[in-house]
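Data block below; observations after.
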Amino acid sequence: MVVKVYISGISGNKEVKKHQQRVLMILDSKNIEYVVVDITEPGKENEKEFMQQNSKAKEAKHPLPPQIFNDDDYCGDYEEFDLANEIDELDKFLKLSVSVSTAEITLANTADSKVPVESGELNGIASSRENSAEKEKEVVKDSKTEEEAREQEEEEEGTGEE
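As structure tokens, then:
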């Protein structure tokens, strides 16, 4: 399913322009894929007719852009879009199916498995994590190295000044 935003690229109405820009900005910020259909472009007469016949006009004789569809399924106009965005129901308004990411599926499968973690392996996959005791040794070792380096710098500065 593809979200389609019907707009007018040459509208003289500043409010229509603002509404169109806001819809596209919100869709971009939410990473929602969409297609812009400019009904004023030459050859888009069929799209313009489709939008006018399948949209609901509010106060005007014809519905004004932007009008939002999911494929051929009418979602609503700017006011309905804006309200859905404000109440955090944009997916519902756009009739988008809630998808589960592969990361969530992987996490769920890992959590469901009852295989014990042994020697840094999970389900036969070696872990890149080190034991915390080994990490502590490295930290202590690194801090001693830093102290030694500081002492050596101080000694060199002391001999260089004379």
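Taking our numbering, I'd label the letters of the sequence shown as residues -11 to 150. Ideal Cβ placement from N, Cα and C applies to all residues, glycine included. Source: prediction; values computed, not measured.
Within the segment 39 to 90, complete alpha helix (DSSP H) segments of at least 4 residues are found at 66 to 74, 78 to 81, given in chain order.
Where Lys(-8) is concerned, there is no enclosing alpha helix (DSSP H), although the beta strand (DSSP E) around it starts and stops at -9 to -5. Judged by their CB atoms, Lys(-8) and Phe69 are not nearer to each other than the 8 Å cut-off. Beta-bridge partners of Asp26 (DSSP): Ile(-5). Pairing Tyr22 with Asp59, the inter-Cα distance amounts to about 10 Å. Ranking Ile20, Pro30, Glu29, Gly64 by CA distance to the CA of Gln41 puts Gly64 first. Put simply, of Ser(-4), Ser43, Lys44, Lys6 the residue whose alpha carbon is nearest the alpha carbon of Ile27 is Ser(-4).
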